[in-house]
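Notes follow the structure.
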Amino acid sequence: MIEDAPAPGKYLNALAVRCTPELVGNAVVHVRHLDEVTWKLWDDFDRHCKKRFNNSDAQAPYSIATTVLSVISGGYVHFDPGRRAPFLASLNPIDDALLRRVITLTYHLALGQDVGTIDLTAPPELAKRIADTTEHKYLLSDHLQPARNSQPTAPGWLFRTVAWELAERISSQPWSISEHRAITLRPDSTGGLVAFDDPWQNEQGGRYALSRTALKLKTVPNIHDPVLMLSSRVTRISSSLVFSKTALAEQPGRGRPLLEVSLTGRGGARTINRLALQALGRLEMDYSILRTIDERSRREQKLLADAKEKKESVRFPRGHPGQVWPILPKSYSFPIGTGTGMHHLRLLHRHFTNVFADTAAPLEIREVRMSMPHRPTDAENISKQEYLRRKQERADHPEPKTLGPIRARGSLFPTPESITASIETAGFAKLRVVCLWYRDDTRLRMLDTFCKNFDLDPKGLDPHDGKEFALYGDHITAVFHHAEDFLKPGPAGNRTAALAATGASLLSQDGVLVGAWCETEIPAAADIADGSEASIDDVDAKPQTKKILAERGVPSQYLRGNDDKGVIKPKAKDHPAEMALLDLYRSLGIIDDRIANALRPEKAGYPVDRIAHVGIYVRQQNRRKGEFGQPKVIITASALVPPQDDGEAWTMLGWSSIRPDWQPYRTAQPAFHASAYPEGTGDKKNYRQRWDDAAETVERALADLADELDGTPYVVTVDSLASRRMWDGLQNMHLGGSPEKANSRYWLPGSTLARDERPHGIIRINIDDEEVLQPVGTTYIAKGKDSEPVEKETARTLYKVTTDFSTPVWILCNVPRAFDGDGAGRLGSKYTRWDAKPSVSSEKKEERRKGEMPQNWYSMTASEIYPLACADGVSLEALAITTAKLCHQAQFWDGRSRFPVPLHAAKQMDLDHPQYRRTTAPDEKVSTEPGAEDLLVEGGKGQDEQLA
10 MIEDAPAPGK YLNALAVRCT PELVGNAVVH VRHLDEVTWK LWDDFDRHCK KRFNNSDAQA
70 PYSIATTVLS VISGGYVHFD PGRRAPFLAS LNPIDDALLR RVITLTYHLA LGQDVGTIDL
130 TAPPELAKRI ADTTEHKYLL SDHLQPARNS QPTAPGWLFR TVAWELAERI SSQPWSISEH
190 RAITLRPDST GGLVAFDDPW QNEQGGRYAL SRTALKLKTV PNIHDPVLML SSRVTRISSS
250 LVFSKTALAE QPGRGRPLLE VSLTGRGGAR TINRLALQAL GRLEMDYSIL RTIDERSRRE
310 QKLLADAKEK KESVRFPRGH PGQVWPILPK SYSFPIGTGT GMHHLRLLHR HFTNVFADTA
370 APLEIREVRM SMPHRPTDAE NISKQEYLRR KQERADHPEP KTLGPIRARG SLFPTPESIT
430 ASIETAGFAK LRVVCLWYRD DTRLRMLDTF CKNFDLDPKG LDPHDGKEFA LYGDHITAVF
490 HHAEDFLKPG PAGNRTAALA ATGASLLSQD GVLVGAWCET EIPAAADIAD GSEASIDDVD
550 AKPQTKKILA ERGVPSQYLR GNDDKGVIKP KAKDHPAEMA LLDLYRSLGI IDDRIANALR
610 PEKAGYPVDR IAHVGIYVRQ QNRRKGEFGQ PKVIITASAL VPPQDDGEAW TMLGWSSIRP
670 DWQPYRTAQP AFHASAYPEG TGDKKNYRQR WDDAAETVER ALADLADELD GTPYVVTVDS
730 LASRRMWDGL QNMHLGGSPE KANSRYWLPG STLARDERPH GIIRINIDDE EVLQPVGTTY
790 IAKGKDSEPV EKETARTLYK VTTDFSTPVW ILCNVPRAFD GDGAGRLGSK YTRWDAKPSV
850 SSEKKEERRK GEMPQNWYSM TASEIYPLAC ADGVSLEALA ITTAKLCHQA QFWDGRSRFP
910 VPLHAAKQMD LDHPQYRRTT APDEKVSTEP GAEDLLVEGG KGQDEQLA
């Protein structure tokens with residue numbers, strides 16, 4: 010609720026409230042703070058574990074102690090033995106003697122001693138020190154007193170424990186979701202909520218999912234209270250335990266939270282940590298729920314073994330999960346869709362407000378007065394008078410459909426004139442698109458896309474291979490080359506010679522800018538030669554050919570020609586082909602007039618159209634199996650540069666940490682793609698040193714950019730998750746602080762440069778749904794005293810958070826295209842999944858209906874925009890509005906992008922790298938859950954390998 014009669018305007022409602030002393034009331038937790046000596050003993054224990062397992066990544070298994078203590082103490086335990094402020098926290102007190110025995114068992118079991126030989130009367134020094142550490146009983150409210158003009162000062166343990174008691178209070182009242190139905194929420198050991206007694210089920214029965222709500226304590230820039238954020242998701246339940254990594258378990262006894270437990274072991278043999286079972290058995294405690302998990306795992310492993318021996322399909326038993334609910338990895342297909350829907354979140358917001366009443370203090374988030382740029386594909390802007398005239402014209406016409414829609418939409422493609430202006434500004438007279446293909450169907454799709462893009466008559470247009478033809482006079486042309494040997498999946502072979510054999514002229518020279526549009530496909534097992542030890546990656550032609558083209562400085566983009574159903578033949582609009590051509594324009598660095606339109610200032614004020622807009626994207630490579638050394642950091646950047654003279658177009662520069670030179674984007678991206686990602690080295694640099702090195706790389710890049718821009722001011726946009734590792738000045742806890750107190754070598758991007766070389770502003774954008782507040786709707790307050798507030802279900806505009814001190818933070822609300830697009834159905838906008846409509850089969854088309862439970866239900870998302878001024882006269886609101894506009898107006902797309910154009914372009918450089926999918930940590934991309942369909946278990950491969 011908004012206190013003291015809010016001023017007229019539109020306000021955003023969100024699942025976020027201030028975590029104040031009044032909200033937590035009399036809640037208490039019990040905490041032991043481990044001192045330096047104790048931490049060093051734990052560090053010694055950790056080193057012993059690494060040595061025993063001969064693995065530098067191994068850790069001391071504190072999860073043994075956490076699992077045992079959770080079972081013994083009722084469920085709420087958090088153990089953090091890390092270097093920074095280590096602690097052990099629990100909702101209920103833990104007996105010193107019992108704790109000493111638990112740590113003793115953890116210590117010796119981890120180091121390989123048999124449980125029966127462990128002498129509990131002779132604890133190691135580590136166990137004695139942890140158990141002898143004073144257990145403090147803390148009133149949470151005492152640690153939530155706000156400090157004036159300061160970020161929250163609440164200790165780390167409070168962020169981990171505050172949700173425990175709040176979840177208990179939320180679950181104490183039934184959650185009303187309709188006039189006739191209420192849902193019982195039950196707390197879990199993480200401090201979340203689960204609709205455990207009201208699972209969702211698929212239409213055919215036997216498959217289940219749960220509504221889970223997370224309560225997370227976060228900080229928001231310049232709000233002196235921590236902010237409690239709620240989010241809700243669909244947790245799908247696996248029919249097998251042995252392939253799951255976590256499970257929910259119902260503990261015996263009343264009043265205990267559901268226990269979330271981690272499962273150990275390889276895929277196909279996962280179970281509860283057996284060392285925790287042994288510890289509980291030695292302590293003679295009731296651990297029946299853990300035994301239940303272990304017994305189920307043993308049964309399933311036997312099923313797998315029997316199926317393997319008989320070379321038969323394995324199917325796990327279906328039915329209500331009972332006490333143990335294995336959580337399904339998110340990448341598997343499932344007959345219950347993802348997402349809870351918007352109405353679910355609005356009802357959750359109402360329930361939270363009802364439970365906490367006047368103690369819940371929401372943030373004030375008010376709409377900003379601004380106008381989003383009109384995108385080419387937006388409905389035409391016309392006056393009301395013209396709208397009525399067209400409406401009447403259609404009413405009077407015998408065939409109104411022939412007149413088209415009342416408010417027509419434009420084309421997503423840039424106009425030929427704007428493409429020409431961009432290439433001429435880049436110093437070229439002509440653009441040539443070289444189309445490399447090997448299926449005639451794909452060639453025709455490319456040709457059809459050209460016809461629609463450039464308004465050409467497709468009749469009789471069938472250019473010969475190798476013959477250049479006009480798309481827009483002499484300014485834009487295309488040429489087709491059959492390139493089967495170059496493009497088809499298979500061993501690398503001599504693709505370079507195959508490319509040369511096509512005769513394609515690919516170099517940008519003599520005033521001609523060249524880009525390559527290529528056919529591709531995802532290889533299958535059949536593409537691997539018999540007897541070959543090659544993997545699917547080894548026969549994937551796309552990364553191989555992309556690198557060859559990049560080595561020649563050729564920007565490229567790919568169009569998939571077939572899928573698992575065969576050759577792709579679009580029945581209507583060929584969206585993939587259109588997006589491929591548009592992304593080729595992006596790779597060519599083409600900037601059309603839509604960017605200039607988006608960067609037009611709101612009013613006379615800060616000239617955002619006269620400064621360069623830079624995006625810096627940072628990603629740490631995840632080390633894959635078999636790789637050694639420290640993980641490497643990849644940095645890419647792009648810069649939108651304003652025209653120097655009237656009539657010229659905006660231009661875009663690119664840069665990468667592998668090829669650290671600012672170049673036109675069209676050459677920077679191929680230069681980056683032609684170079685391999687750096688390999689891990691044996692250096693011993695710690696976390697801080699690695700990220701300081703990355704920040705230093707950015708510092709040099711900005712110094713070079715300042716020289717390149719030659720006096721043109723610039724602002725830098727960075728992703729919040731990466732930037733917090735590199736620059737302490739962008740962390741919430743350090744906002745408004747002093748660089749002298751920083752742990753990082755650099756306070757802000759460009760902070761060590763000469764004053765005239767520094768960025769004029771830094772924009773930090775956060776799109777992580779786990780950290781950004783969840784919008785649920787809006788409330789409009791009119792000026793009239795007697796006017797009632799008007800509630801709206803969605804929000805798409807920019808909102809400003811009223812902060813307690815210093816500069817504001819802005820929230821850009823987004824409605825997913827899948828929710829609001831043509832034929833989307835807006836599932837979840839009026840009711841929850843508990844009232845999902847079943848499918849209807851009928852001979853009459855108008856009576857048929859898809860079932861709603863299997864479909865994905867969407868909710869709003871939000872982006873947090875936090876600008877910092879680094880020079881005099883910079884308007885923070887202008888920077889926030891510009892960032893929102895550059896998200897709303899994507900470079901070449903009819904929807905919004907989560908990142909603004911320059912940061913999105915920098916990210917795409919990395920995503921398009923030929924090695925990207927080989928060096929990033931692979932997700933489990935499987936289409937079918939193990940045991941859910943006919944799945945032949947063959948010998949010689951582990952289950953994870955077989956199913957991936």
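As numbered in the working numbering, residues 10 to 957 make up the sequence shown, in order. The C-beta atom is built at its ideal place from N, Cα and C for all residues, glycine as well.
- Looking at the DSSP output, His490 bridges to Leu445.
- With a 10 Å radius around the Cβ and a threshold of 16 neighbouring Cβ atoms, Asn775 comes out buried.
- Annotation for Arg773: the continuous beta strand (DSSP E) segment containing it runs 770 to 775.
- In the pairwise beta carbon analysis, the region 238 to 245 is classified as touching the region 213 to 222: at least three pairs are separated by under 8 Å.
- The alpha-carbon of Ala172 is positioned some 17 Å away from that of Ala204.
- Counting only runs of 4+ residues, the alpha helix (DSSP H) found wholly inside the region 775 to 840 occupies 826 to 829, in chain order.
- In the structure shown, the three-state DSSP call for His622 is strand.
- Gly469 and Asp765 have their alpha carbons spaced roughly 59 Å apart.
- Sorting Ser420, Ala501, Trp659, Phe459 by C-alpha distance to the C-alpha of Leu593 places Phe459 at the top.
- For Gly18, the three-state secondary structure derived from DSSP is strand.
- For Ile81, the number of other beta carbons within 10 angstroms of its own is at least 16, and it is reported as buried.
- Distance check between Ile302 and each of Asn282, Leu397, Leu120 places Asn282 closest, using alpha-carbon atoms only.
- Boundaries for Val727: no alpha helix (DSSP H) harbours it, while the beta strand (DSSP E) harbouring it runs 723 to 728, taken from the DSSP string.
- Boundaries cannot be given for Phe901, as no beta strand (DSSP E) includes it and DSSP labels it neither H nor E.
- By the neighbour-count criterion, in which a residue is buried when 16 or more other Cβ atoms sit within 10 angstroms of its Cβ, Phe814 is exposed.
- Here DSSP, grouped into helix, strand and coil, assigns Ile599 to coil.
- Per DSSP, reduced to three states, the secondary structure at Met455 is helical.
- Counting only runs of 3+ residues, the beta strand (DSSP E) found wholly inside the region 359 to 433 occupies 374 to 376, in chain order.
- If you draw a straight line from the Cα of Leu292 to the Cα of Asp197, it is about 24 Å long.
- With a contact defined as Cβ atoms closer than 8 Å, His39 and Thr142 miss out at about 11 Å.
- In the structure shown, the three-state DSSP call for Ser647 is strand.
- A direct Cα-to-Cα measurement between Lys49 and Ala119 gives close to 17 Å.
- Between the region 674 to 689 and the region 833 to 852 there are fewer than three C-beta pairs closer than 8 Å, too few to call the two in contact.
- Taking a cut-off of 8 Å on C-beta distances, the region 244 to 263 does not touch the region 179 to 192, as fewer than three cross pairs fall below it.
- Cβ atoms of Ala914 and Gly624 come within 8 Å of each other, at about 6 Å.
- Between Lys254 and Arg279, the C-beta gap is smaller than 9 Å, which places the two residues in contact.
- For the 9 Å CB-CB criterion, Ala887 and Gly614 form a contact.
- CA-to-CA, the gap between Arg110 and Glu212 works out to about 49 Å.
- Gln566 is bridged by DSSP to Trp526.
- Taking the C-beta atoms as reference points, Leu440 is found nearer than 9 Å to Leu597.
- If the five residues before and after His406 are omitted, its C-beta is found closer than 7 Å to the C-beta atoms of Leu412, all from its own chain and listed in chain order.
- By the neighbour-count definition (other C-beta atoms within 10 Å, threshold 16), Ser647 is a buried residue.
- For Met918, the enclosing alpha helix (DSSP H) begins and ends at 910 to 920.
- In the DSSP annotation of this structure, the continuous segment of the alpha helix (DSSP H) that includes Pro679 starts and ends at 674 to 682.
- Below 8 Å, too few C-beta pairs join the region 51 to 66 and the region 153 to 164 to call them touching: fewer than three.
- In this structure Leu237 does not touch Ala98 by the C-beta definition: roughly 18 Å separates them, more than the 8 Å allowed.
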